[in-house]
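Following: one structure in structure tokens, then a few remarks.
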Amino acid sequence: MTLEVILFFIFGFVAAVAAVMMITRNNPVIAALYLILNMASLAGLYLTLNAQFIAVAQVIVYAGAIMVLFLFVIMLLRPDNEKKFMESNPKVKIFSFIVAGFVLLQLIYIIFFSAPSKILKKNLEASVKAGTIESIGNELFRNYVLPFEAAGFLLLAATIGAILLAKKKIE
Amino acid sequence: MNITEIIIVSLIKIVFVLGITLLTVAYLVYFERKIAAWAQNRIGPNRVGWQGILQPFADVFKLLLKEDIVPEKANRIVHAIAPMIALFVAFTTYAVIPIGPNVNIFGYDISLVVADVNMGVLYVLALTSLGVYAITFAGWSSGSKYSLLGGIRSSAQMISYEISMGFSIGGVLLLAESLRPIDIVNSQAGLWNAIIQPIGFITFVVSAFAETNRLPFDLPEAEPELVGGFHTEYSSMKFAGFFLAEYANMIIASAMIVTLYLGGWHLPFEQSLGLSGSWLTVFQITSFFVKMGAMLFFFIWVRWSIPRFRYDQLMNLGWKVMFPLSLINIIWVAVIIMITN
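Going down the list, the sequences are from chains A and B. My numbering numbers the first residue of the first sequence as 948 and each following residue consecutively. My numbering numbers the first residue of the second sequence as 624 and each following residue consecutively.
Below you can see the structure in the form of structure tokens.
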């Protein structure tokens, strides 16, 4: 086994275990802790695929920023009402099982039955080069500049909307 | 070099960097107390060894021998993990900071950095963004209101200042056209970034103070309001972990400031000194450490000179002053590049 395969198994194992632990914990803060662990090991998996930038972005954006906000909400709002809601509405459980089963079927189909649209069989150097920040920047600002800017505007609109909603009184 | 040689060289570098860091941390605490004493017209530690020079070892010994108390309401596992996260983040960041140019030892060309990563700057940012969890989880797991408030305060503070920190770095990256710390240092061989982009330098230094939770930004542990903040319920070596991490973060912040803005190991007019190859290297490595020492002194000096901000002042400063300033800095650098090209 090469080093990459060993690392893949380690990170994959940690990611899978963390994911299962996350959905089975009762305490939301502990669940968030496992989600962070899951995201960190995902970043490790990206590294084994030579996608350095995506790995670092995964840590900065998801593990570093979004999960901090998650924790904030959990710590400040203390979602204890969740349990009462589940107990008073038993039908929600059935609905969630149906949705979960649907997603599982989709995943099984994608992983085992559908043919991958395009398998990149390039050499190692090309794949390392594709993961560097230079090539991602080139793609983003040359070939995909319009969608990129559009996404920027969308985020700006969302930010302004959030500020407006958070303001108690509009003069 | 073959693979075993690379592993051996890397291991030597890691041991070297860790050793230097731990020793610096120990003596940084000593100097903090000495400088505090100097600022307040006291004598400071002077009992253990000559002029109190062995004080750090006495401190560590005291912390080791203390009883480790975990509150009844605490979540024991998370309570123990939190200081480990703090230490992990503090010590892994050193891997990408170069202390000097490549040197030739026994016929090997060795770069004076543990890992010459292609995107070293982003690596540092990623790790520091994980540092928030140490404080948040420490606050939450202690099962105490003071700790929780301290933890939440600090995470709000850290994510606010991370933004202006990231944007200040943007200007440096534009000039260096690279994320590799060695390239960034070499791009400053002529003129330091601190001179080309003074606004970015100031916003970065201020954000670094906020990120390391040092005064005037040490609100997470504001004693008059929150007792000890997030580490109220910590004792013995777990407390020492946070203590160590704070000083290690200070060293990291100083090293980053020197690397990004103060020319790393380069000094202006270093070539005109007429030093031969190896002496020039020694001179450059020394200049890196001297600059870092000056920054560390600055950190301590500010702590004992400036009072703490109020929390709303801190947030206003972060979002309404530092963030726009760092954006202006990026535009400034872009204009400079446009003109000079």
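By construction, the Cβ of each residue, glycine as well, lies at the ideal position given by its N, Cα and C atoms. Since we're looking at a predicted model, the values are computed, not measured.
Contact annotation: the region 982-990 of chain A touches the region 1003-1018 of chain A, with at least three C-beta pairs closer than 8 Å. CA-CA distance, residue 1075 of chain A to residue 997 of chain A, rounds to 5 Å. Cβ proximity to chain A below 7 Å picks out 741, 742, 745, 746, 748, 749, 752, 753 from the region 732-754 of chain B. Nearest Cα to residue 636 of chain B within the set B/782, B/941, B/943, B/718: B/718.
Taking 8 Å as the CB threshold, residue 999 of chain A lines the interface with chain B.
A distance below 6 Å between beta-carbons, with the five flanking residues on each side excluded, links residue 754 of chain B to the following residues of its chain, in chain order: 712. With fewer than 16 neighbouring CB atoms inside 10 Å of its own CB, residue 958 of chain B falls in the exposed class. Taking a cut-off of 8 Å for Cβ pairs, the region 799-816 of chain B and the region 861-878 of chain B do not touch, as fewer than three such pairs fall below it. The CB of residue 701 of chain B comes closer than 9 Å to the CB of 976, 977, 980 in chain A, given here in chain order. Boundaries for residue 701 of chain B: no beta strand (DSSP E) harbours it, while the alpha helix (DSSP H) harbouring it runs 699-715, taken from the DSSP string. Its chain contains 686 as the residues whose beta carbon lies nearer than 6 Å to that of residue 863 of chain B, once the 5 sequence neighbours on both sides are disregarded; these appear in chain order. Judged by their CB atoms, residue 1003 of chain A and residue 746 of chain B are nearer to each other than the 8 Å cut-off. Judged by beta-carbon spacing, residue 922 of chain B lies within the 8 Å limit of residue 873 of chain B, meaning their Cβ atoms are closer than that value. In this structure, the beta-carbon distance from residue 789 of chain B to residue 750 of chain B does not fall below 8 Å. For the 8 Å CB-CB criterion, residue 834 of chain B and residue 694 of chain B do not form a contact.
Around the beta carbon of residue 947 of chain B, fewer than 16 other beta carbons lie within 10 angstroms, which makes this residue exposed. For residue 870 of chain B, the enclosing alpha helix (DSSP H) starts and ends at 859-883. For residue 920 of chain B and residue 1044 of chain A, the gap between their C-alpha atoms comes out near 60 Å. By the beta-carbon neighbour count (other beta carbons within 10 angstroms, threshold 16), residue 896 of chain B is exposed. Per DSSP, reduced to three states, the secondary structure at residue 733 of chain B is strand.
In chain order, 889 place their CB closer than 6 Å to the CB of residue 812 of chain B, counting only its own chain and leaving out the 5 sequence neighbours on each side. Between residue 770 of chain B and chain A, the shortest Cβ-Cβ separation is not below 8 Å. Secondary structure of residue 1036 of chain A (DSSP, three-state): coil. Rounded to the nearest whole angstrom, the CA to CA distance from residue 913 of chain B to residue 1057 of chain A is 58 Å. The beta-carbon distance between residue 1087 of chain A and residue 1095 of chain A, rounded to whole angstroms, is 5 Å. This is short enough to meet the 8 Å contact definition. Look at the region 641-660 of chain B: it has no residue with a C-beta under 8 Å from a C-beta of chain A. Put simply, the CB of residue 835 of chain B is far from chain A, with every gap to its CB atoms at 8 Å or more. Residue 1085 of chain A: member of the alpha helix (DSSP H) spanning 1080-1085, first to last residue. Under a 10 Å Cβ-count criterion, residue 815 of chain B is classified as buried, with 16 or more other Cβ atoms of the shown protein chains found around its own Cβ.
Within the model, the alpha-carbon separation for residue 1102 of chain A versus residue 995 of chain A is close to 31 Å.
Listed along the chain, the chain A residues whose CB falls inside 7 Å of the CB of residue 763 of chain B are 976, 1022. Between the region 637-654 of chain B and the region 671-690 of chain B there are three or more C-beta pairs closer than 8 Å, enough to call the two in contact. By the Cβ neighbour-count rule, residue 905 of chain B is exposed, with fewer than 16 other Cβ atoms within 10 Å of its own.
Using beta-carbon distances, residue 1079 of chain A counts as an interface residue toward chain B, with a partner under 8 Å.
Contact with chain A is found for residue 775 of chain B, since one of that chain's Cβ atoms lies less than 8 Å from the residue's Cβ. In the DSSP assignment, residue 728 of chain B is bridged to B/731.
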